[in-house]
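Before any comments, here is the structure.
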Amino acid sequence: MKRRWINFVSRFFTIATGLACLAVTVMVALILGNVVRHGFGHLSWKFLSTAPSAGMTEGGIFPAIFGTAFLVILMTLAVVPLGVCTAIYLQEYAPARSRWVPLVRMAIQNLAGVPAIVFGLFGLGFFIQFLGKGIDRFFFGGDLVFGQPAILWAALTLALLTLPTVVVATEEALRVVPRAHREVAYSLGATRWRMVRHVLLPQAVSGILTGTILAVSRGAGEVAPILFTGAAYYLPYLPKRLNQQFMELGYHVYVMATQSPDVDATMPILYATVFVLLALTFTLNFAAILIRSKIRRRMKR
Amino acid sequence: MAAARGHLGLSDETTAAPPKEKMAVRHLTVKAGKTPILNDVSLSLLENEILAVIGPSGSGKTSFLRCLNRLTDLDGLSVEGEALLDGHNIFASEADVTLLRRRVSVVFATPTPLPMSVADNLKLGLRFKAEVGHPEGRMEKSLRAAFLWDEVKDRLGSSALDLSGGQQQRLCLARSLMLEPEVLLLDEPCSGLDPISTAKIEEALQGLKKTMAIVLVTNNVKQASRTSDRTAFLLMGDLIEVDDTGRLFTSPREERTADYVSGRFG
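Residue numbers (the working numbering), protein chains in the order written: chain D, 1 to 301; chain Y, 1001 to 1266.
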């Protein structure tokens, strides 16, 4: 009797956990399958290389692809140096028993829990209204140059959103470098900075790249933070300066899904755009993973 | 203690010119919090000698060694007293610790090659000095001095982690030599090595002492007796005795020294 019960429980959990796993897989497969089925057919070189036309019922999505790439590159340029420096300070420079370090860490971790839309509002309030308007007042005599939604502000807002990812990954990568390696560096007459530069960073590079991968793939998919800070509904030109607005794939999807004058005509374009957005994110991820494994192999050699 | 201190630096040998004192430690007391590690140790290191420091584990040998190039700064130990290098106190507030560590180099107990190529490991010290260039000649010289050249001359570009333990330790020795230090500190450099690697390191030390002073901390009493010129015996943080190696091993002044070197305790 008892044995049968144990057998039953054992089998039940085998099946239950297996089903949970299956459900997740099926969900991902459904999403991807649906997107590929409806979106792949509409893909063409023309679709990728032209601008939308006829109220987004015809034409392509090139401005949105361009804007997304531009945005993510700007964001990476901002978040990686800032995040890596923060992590280096917390891990290597801050006094060992400082009371502030745990507080700073907690603040960074809380940043990760802030809803994306709040970042968008913060970006509007801080970057555009405060920083941008301030720059205009001091350098441009009050003319409207930086005090408006722009790709620069959107990228900085996204950088704030992805900062915790980079900081945490970098700190982790620095932490696993053995103490003996630091001692070797110091014993050979390294200053703290040279120790960081020549011993820690080469070993931490793959961890830092991991953080960057995660930051990029998160940043490329977020819509809420750029909603008020720079993304445009439609633009007849590509952004060439940092203070111009831009089109973005995620926002373009949102616009087409909610604002189209002709839903049936937009539908294939919408699916194809989602397909491109997914493909772009996956490609970015994949490229970064390749770079990381290459560096790992070089380190081991 | 007093007897040992009185003996310091005064060589009993009646040579024409008394050997010059390279480093001197005066009333060195080291504590970890309130736990004493070294008690009022005074000792000198002469030019071109190998000074062995022996004693059971926990006697403060390693801490003594780490004081000599201020690695104790990293341990959060409190250090009192002074350590002189060519007459200048290395613990003085104006002393440049990075310069000190270039002049007084250390080889740790476990081999510590960094995960990079053999050549990059060797170049580390120069890189920390922001010295760029092609120190190939110096690399060969250091590797030869560490008795490693023949084994790695064809694989300078491959990872240092692929070397055997004994080779890694000799690489660490060569890495220290790249900076042409005046004093070399060795912290049980052969503790994990086979007899052949050990012999190679000991042979290397005999060549090196022509150009530098060497402190060899060792758990191996036999190694001290066959390698060093003078030997210091530490016990529970006290310097019990320091003397010419031959004399310390044949007719030590202290009974505790006699007991230790003959293997009756420790």
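Glycine included, C-beta positions come from ideal geometry on N, C-alpha and C.
None of the values given here were measured: they were computed from a predicted structure.
For this session: Anything in the region 1042-1066 of chain Y with a Cβ closer than 7 Å to a Cβ of chain D? List those residues in chain order, please.
Result: When CB distances to chain D are screened at a threshold of 7 Å, not a single residue of the region 1042-1066 of chain Y falls below it.
Problem set entry | Cα-Cα separation, D:Phe12 to D:Ala185 | The alpha-carbon of D:Phe12 is positioned some 56 Å away from that of D:Ala185.
Exercise. Is Y:Gly1125 close to chain D, meaning its C-beta is less than 8 Å from at least one C-beta of that chain?
Worked result: With 8 Å as the cut-off, Y:Gly1125 counts as an interface residue toward chain D.
Problem set entry | Range covered by the alpha helix (DSSP H) that runs through D:Leu124 | Taken as a continuous stretch (DSSP letters only), D:Leu124 belongs to no alpha helix (DSSP H), as it is neither H nor E.
For this session: Can you say whether Y:Lys1022 is buried or exposed, counting buried as having 16 or more other CB atoms within 10 angstroms of its CB?
Result: buried
Exercise. Using a C-beta to C-beta distance shorter than 7 Å, which residues of chain Y count as neighbours of D:Gln203?
Worked result: Pro1115
Exercise. Which term fits D:Ala180, buried or exposed, when burial requires 16 or more other beta carbons within 10 angstroms of its beta carbon?
Worked result: exposed
Exercise. Are any of the Cβ atoms in chain Y nearer than 8 Å to that of D:Glu183?
Worked result: yes
Exercise. Quick one: is Y:Gly1246 buried, meaning 16 or more other Cβ sit within 10 Å of its Cβ, or exposed?
Worked result: Here Y:Gly1246 is exposed, its C-beta having fewer than 16 other C-beta atoms within 10 Å.
Exercise. Among all the DSSP beta bridges, which residues are the ones paired with D:Pro52?
Worked result: D:Gly59
Problem set entry | Of the listed residues D:Ile31, D:Thr25, D:Met75, nearest to D:Leu214 (C-alpha basis) | D:Met75
Exercise. Exposed or buried, what is Y:Gln952 when buried is set at 16 or more other beta-carbons lying within 10 Å of its beta-carbon?
Worked result: Absent from the model: residue 952 of chain Y. The displayed extent of chain Y is 1001 to 1266, so no value can be given.
For this session: Verify whether the separation of the beta carbon atoms of D:Gly60 and D:Pro52 is less than 8 Å.
Result: yes
Exercise. In chain order, what residues of the same chain lie with their CB nearer than 8 Å to the CB of D:Gly120, ignoring the 5 residues before and after it?
Worked result: Thr157, Ala224, Pro225, Ile226, Leu227, Phe228, Thr229
Exercise. According to the neighbour-count rule (16 or more other Cβ atoms, all chains shown, within 10 Å of its Cβ), is Y:Glu1241 buried or exposed?
Worked result: Here Y:Glu1241 is buried: its Cβ has 16 or more other Cβ atoms, across all protein chains shown, within 10 Å.
Exercise. If we ignore side chains and look at the alpha-carbon of each, how far apart do D:Thr86 and Y:Leu1161 end up?
Worked result: 31 Å
Exercise. Would you say Y:Leu1038 and Y:Ala1213 are within 8 Å of each other, going by their C-beta atoms?
Worked result: no
Problem set entry | Limits of the alpha helix (DSSP H) - the one that D:Met256 falls within | The continuous alpha helix (DSSP H) containing D:Met256 extends over residues 249-259.
Problem set entry | Selected residue, minimal CA-CA separation from Y:Val1106, among Y:Gly1166, Y:Met1236, Y:Ala1204, Y:Asp1187 | Ranking Y:Gly1166, Y:Met1236, Y:Ala1204, Y:Asp1187 by Cα distance to Y:Val1106 puts Y:Asp1187 first.
Problem set entry | Own chain residues within Cβ distance below 8 Å of D:Arg194, not counting five before or after | Annotation for D:Arg194: Ala185 place their beta carbon closer than 8 Å to its own, counting only its chain and skipping 5 residues before and after.
Exercise. With distances taken from CA atoms, which of D:Phe8, D:Gly250, D:Ala232, D:His252 is nearest D:Asn243?
Worked result: D:Ala232
Problem set entry | Within chain Y, the residues that D:Leu188 reaches when beta carbons sit closer than 8 Å | Arg1101, Arg1102, Ser1105, Leu1124, Gly1125, Phe1128, Arg1175, Ser1176, Leu1179
Exercise. Does the Cβ of D:Leu242 lie closer than 7 Å to at least one heavy atom of the ligand NAP?
Worked result: No copy of the ligand NAP appears in this structure; indeed no ligand is present at all.
Exercise. Does any C-beta atom of chain C lie closer than 8 Å to the C-beta of D:Val216?
Worked result: Absent from the structure: chain C. Protein chains present are D and Y.
Exercise. Who pairs with Y:Ala1032 in a beta bridge, going by DSSP?
Worked result: Y:Thr1035
For this session: Pick helix, strand or coil for D:Val168, following the three-state DSSP scheme.
Result: helix
Exercise. Expressed to the nearest angstrom, what Euclidean distance is found between the alpha-carbon atoms of D:Ala94 and Y:Asp1096?
Worked result: Taking the straight line joining both Cα atoms gives about 21 Å.
Exercise. Among residues of its own chain, excluding the 5 on either side of D:Asp143, which ones have a beta-carbon nearer than 8 Å to its beta-carbon?
Worked result: Asp136
For this session: Please list the partners that Y:Leu1074 has in chain D, where partner means a Cβ-to-Cβ separation under 7 Å.
Result: Glu183, Tyr186
For this session: Using a Cβ cut-off of 8 Å (strictly closer), state whether Y:Leu1071 contacts chain D.
Result: Chain D has a Cβ within less than 8 Å of the Cβ of Y:Leu1071.
For this session: With distances taken Cα to Cα, identify the nearest neighbour of D:Tyr234 among D:Ala54, D:Leu22, D:Asp262.
Result: D:Ala54
Exercise. By Cβ distance, which residues of its chain are closer than 6 Å to D:Thr165, with the 5 residues on each side in sequence left out?
Worked result: Gly211, Leu214, Ala215
Exercise. Excluding sequence positions up to five away, which residues of its chain have a Cβ less than 6 Å from the Cβ of Y:Lys1209?
Worked result: Asn1048, Ile1050
Problem set entry | D:Phe62 vs D:Ser49 beta-carbon contact at 8 Å | yes
For this session: Note down the Cα distance separating Y:Cys1067 from Y:Leu1239, rounded to an integer number of angstroms.
Result: 15 Å
Exercise. Does the region 1024-1039 of chain Y touch the region 1055-1066 of chain Y, meaning 3 or more C-beta pairs lie closer than 8 Å?
Worked result: The region 1055-1066 of chain Y makes contact with the region 1024-1039 of chain Y: 3 or more CB pairs, one atom from each, lie closer than 8 Å.
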